[in-house]
Structure formats: C-alpha cells, structure tokens
Amino acid sequence: MSIKDSGIGSSWIERVGHWSMTGSILLLFFTNCGFLFSSLQILQHLFGNTRISSSIHHSAGIFFSISLVISFSFWIKDCLPDGEDLDWLKGGGYFGRSGPPPSKGKFNTTQKLYFLGTAIFGIMASSSGIVLWSPHLFKLELVAWCHVFHCFSATFFAVTGIIHVYHRHFLPAPRLKREEYY
Amino acid sequence: MEKGEKGGKGEKGEKGEDERKGTTGEKAFLIYPQRCIACRACQVACKQWNRLPAEPTTNFGSYENPLGLSFHTYTQIHFRERKTAHGIQWLFLKRQCYHCTDAACMLICPAPGALSKTDEGAVILNQDKCIGCKYCVSMCPFEVPQFDPNTRKISKCNFCYDRIAKGVQPACAQACPTGAICYGDRNALIQQAKLLGHQSIYGEKEVKGMHVMFALQAPAQDYGLPANPQIPVAVFWWKRVFKPLLGGGTGIALLGGLTHYLYRTLRRHEDRGDLS
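For the record, the sequence lines run as chains A and B. Quick note: the first sequence uses the working numbering, first residue 1, plus one each step. Quick note: the second sequence uses the working numbering, first residue 1001, plus one each step.
Here's what the structure looks like:
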C-alpha cells in the first residue's frame, strides 16, 4: 500500500500551505535581519533598499498568515497529542530511554509538537506584526511588548526551522521513494 | 533670512570656550514658561528657517493655533488653562522634540542612520533614511514625531543643528522677544535657573537628561507634560535580551547542525573503516 493510500501522505493543498509558509518565513527572516542587525544591512540592499525590504516583509507577513491558516486547518486534527505521545514525553523524550517518538498516524510526537509550536508562535508573530505595522494606532506599552513577542517568535522560527531542515535533509534516515508518496 | 546665514545673536566660538571652561559641550534650551506671551514668533521662525509651509486651521475656541505638532510644524505653543484662587491662569508650553539623552525614538528606530545624535546632544532625523515604520511615533513619551501619509516619512525638530554647527543659536530662540527660550551650555543654563530660584527643572534628569528643559511654575501635568516620562521596560527586554537571543539562537542552531553533521559523517567513515 502506498503512503497516499494509507492516508498519511500530503494533499496538494497541504503542500501549498507548507511551501508557502517556508517561502514566507525565509523572506521574513532575511528582510528582517537587516533591520535588527546593522552588520547585516547588506541583506536589505539585496532587495533594493530598506523601504522595499520593509514592504516585502509586510507582504510576506500576509502570505505567512494565510499559509498558517491553511496548515492549521488541515493538520490540527492529526497533530493533537494523545496518551502515547504524553507517555513518551513523560519518559524524557529524546533525552530519556523511551526510544524513538511514537509514530501513530500521520505525524510522530516531535512533529506534532513542532506543528503546535508553529501554530502558537505563528499566531503570536502575526498578531504582534499587525500591531507593529501601524504602531501609532496602539498604546505605547502594547507596541513595546509586541516587539518582544515578534522577536521571540522569530527566534522560534529561526532555530526550529534550521533544526527542521537539518533533520529532514541532512540526517541519515531511510528515505521513501517518490512513487511511494503518490 | 536664508538657511545657513548666521544671525546677529550668534554664539561664535562657543565650543572652544566650552573646552576652556571644562563643560561638556552639550547645548540645550531652558524655557521659562512664565516669560512666554504666546506670541508664537518661535513657530514662525521655525517655519521660516526650515522652509515649512503654513497649514490651514479652524477656530476651535482657543487662541492656540495650530492645534498641535504636525509634519509641517516642528514647534508649537500649547495653551493650557488652570483654575487658581485669582481665576483662570494660562500656561504656555513650547512643544517640540526635547532631544532626550535616552531617546526612545533612537532606541526603537530600525532604519540605520535615520536618527542620530550630535555632540551637542541634538537628536537629528535624516528623512532620506526614514522608512516610515512609525515606531518612533508610538514610542516617544512626548508624542513628538509626526508621520506624513503623503511622503510616508517622519518629521520633527532637528534642534537647528545646521545653525548650531556654525555657532548660531536655533531659530526659535533667536526669535523669542521675551527671553523665555534660553539657549546655551546645558550645565550653565541649569546653574543659572537654580540661581534664579528654580530648584526643580523639568528635563534635568528625566529620560537621563533632556536638551529642552523647563523651569515650571506648576506641576508638569498641568502643562500637559508626563510627570515621569519613561521608555517602556519592554523596549529594553527587546533590545538587550530578545534581539541577542535571536542572533545567538540562530548562530548556535547553525553551528550545532554543522557540528553534528560533521561528527556523524566522521563516525560513519570510522565505522566503515575508511579512516584506518
């Protein structure tokens, strides 16, 4: 039985959601780096100038929010942790002696956690991003905290994104053949 | 008067004098609101020097005009009324950028070079580098920076830094007919005000020292000034903790991934006996 027939493969809309998110996160990251770190100003010039970089960041933010909604609505039912996942986590996860994470259904425990983290920090990034887009409309304290939340969620996506890519593409693991997916 | 032309009451050679006196070289305004007659000569002089257009306004029942700071109004006399035993007292406050030492706008600005500080203590704005994010508008405890939706840029008082650099006092101070706006060495101005009996000077210590200070005769709130202007603590969390965390976390994740990959590759070769 192929992966697709088993129900654990991804549909085209799920793939669109995933790759839209990937693309938008990369754009958001690189357009923002020049703002945050003066040593990385060169990145802003890659996009034209600071203003264009800012506009791309805003547009990518909208794209990210849409892809987050798509991914969330399609994967939330498969990503709620069950008893087996909680037992593995209680056992210390990767740092315990419970072995690899239980893989029941479409995603294993760590994939579920990554998805939930993406959803939580994605909502945090999107909502704080709306405030930071028009900061003059909001109270000073709220804007200041939105900077903190926006930066913290960016840290989550930067760090876990790197781990995600490394885990998927660089760790030697059994790879499925293309025909098994379709 | 053309922009850049030196005025009659200039303070030529004051920098050298500062060095001889051992002062910091920081310049400031010390404003005595009780001397202000709200003639608004400062507003006009500011508009003339900075070549700012007039703005149409409407009568809203007060002599205050225009209603507030705007993209084309860098300084404005704000009218406040206070009930006293002798009736209504008018309080006049000169609104403009107060050139804070601990400037929230500079701290929050994401556009490199858009806001900078001169040796005299002026916080100056380079509009060409402004990206119109409006962070400074939201962060300023005095609500000074103004956003223009047409140009999508910020504007604010630049402390006439071009005049100061040539040893000329700012346009508003030069135009003031009553001596309400005193300009000069910051420390000397403070000492002078204290000799005149003003023990508490608004702006001396607020936001680590403002370069526009006031010898107030009533509580700051009565003039419409915040009693204790502060930069939100979250800004420090963002700048000092979360921003380094983003940079550091990304670096560690990249370095960790690379190290792990090299380690595994080496182990794999060892297991195969390639390295023996």
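Glycine included, each C-beta is placed from N, C-alpha and C at the ideal position. These figures come from a predicted structure and were not determined experimentally.
Alpha helix (DSSP H) containing residue i: first to last residue?
i: K1094(B); result: Per DSSP, K1094(B) belongs to no alpha helix (DSSP H); it is in the beta strand (DSSP E), 1087-1095.
i: S134(A); result: Taken as a continuous stretch (DSSP letters only), S134(A) belongs to no alpha helix (DSSP H), as it is neither H nor E.
i: R1272(B); result: 1243-1272
i: L1069(B); result: Premise fails: L1069(B) is in no alpha helix (DSSP H) and is neither H nor E.
i: K90(A); result: 83-90
i: S103(A); result: Run containing S103(A): none; DSSP gives neither H nor E here.
i: A1173(B); result: 1171-1175
i: C1109(B); result: Here C1109(B) belongs to no alpha helix (DSSP H), and DSSP marks it neither H nor E.
i: C1036(B); result: First-last for C1036(B): undefined, no H or E at that position.
i: C1136(B); result: 1135-1139
How about residue i and residue j: do their beta carbons lie closer than 8 Å?
i: I52(A); j: F157(A); result: no
i: G1249(B); j: E1120(B); result: no
i: M1213(B); j: F1071(B); result: no
i: Q1043(B); j: T1075(B); result: yes
i: T50(A); j: I1131(B); result: yes
i: V1207(B); j: T1101(B); result: yes
i: Y1098(B); j: F1147(B); result: no
i: E84(A); j: P102(A); result: yes
i: I56(A); j: F64(A); result: no
i: D1222(B); j: R1082(B); result: yes
i: L1052(B); j: T1073(B); result: yes
i: F1242(B); j: T155(A); result: yes
i: F115(A); j: F107(A); result: yes
i: C1133(B); j: P1145(B); result: no
i: H1078(B); j: E1064(B); result: yes
i: C1140(B); j: V1123(B); result: no
i: A1253(B); j: Y1032(B); result: no
i: C1046(B); j: C1172(B); result: yes
i: Y1202(B); j: L1225(B); result: yes
i: L137(A); j: H147(A); result: no
i: L27(A); j: C33(A); result: no
i: H18(A); j: S71(A); result: yes
Indicate the three-state DSSP secondary structure (helix, strand or coil) for residue i in the structure shown.
i: S38(A); result: helix
i: T1101(B); result: coil
i: Q1157(B); result: Looking at the sequence shown, residue 1157(B) is not Gln but Cys. Residue state, collapsed to three classes: coil.
i: W12(A); result: helix
i: S98(A); result: coil
i: D1128(B); result: helix
i: N1150(B); result: coil
i: R168(A); result: helix
i: A1028(B); result: strand
i: N1050(B); result: helix
i: V1123(B); result: strand
i: S126(A); result: helix
i: S1062(B); result: coil
i: F30(A); result: helix
i: S1200(B); result: coil
i: G117(A); result: helix
i: G1167(B); result: coil
i: V1144(B); result: coil
i: I162(A); result: helix
i: F47(A); result: coil
i: T141(A); result: Residue identity differs from the one stated: residue 141(A) is Glu in this sequence, not Thr. Helix at E141(A).
i: T109(A); result: helix
i: K1278(B); result: Beyond the ends of chain B as shown, which are 1001 and 1276, falls residue 1278(B); an answer cannot be given.
i: T1057(B); result: coil
i: C151(A); result: helix
i: L80(A); result: coil
i: R178(A); result: Bear in mind that the predicted position of R178(A) carries a pLDDT of just 43, short of 50, making it unreliable; the figure below should be weighed with that in mind. Helix at R178(A).
i: G1022(B); result: Confidence at G1022(B) is low in this model, with a pLDDT of 49, below 50, so the placement of that residue is unreliable and no value is reported for it.
i: T22(A); result: helix
Between which two residues does the beta strand (DSSP E) harbouring residue i extend?
i: Y1183(B); result: 1181-1185
i: R1082(B); result: 1076-1084
i: I70(A); result: Here I70(A) belongs to no beta strand (DSSP E); instead the alpha helix (DSSP H) covers 50-75.
i: S1116(B); result: 1115-1117
DSSP puts residue i in a beta bridge; with which residues?
i: M1210(B); result: C1100(B)
Is any heavy atom of the ligand MN found at a distance shorter than 7 Å from the C-beta of residue i?
i: Y166(A); result: Because no ligand of any kind appears in the structure shown, any question about the ligand MN cannot be addressed here.
Which residue spans inside the region 1213-1244 of chain B form an unbroken alpha helix (DSSP H) run of at least 4?
For the alpha helix (DSSP H) assignment, the uninterrupted runs of no fewer than 4 residues enclosed by the region 1213-1244 of chain B are, from N- to C-terminal side, 1233-1236.
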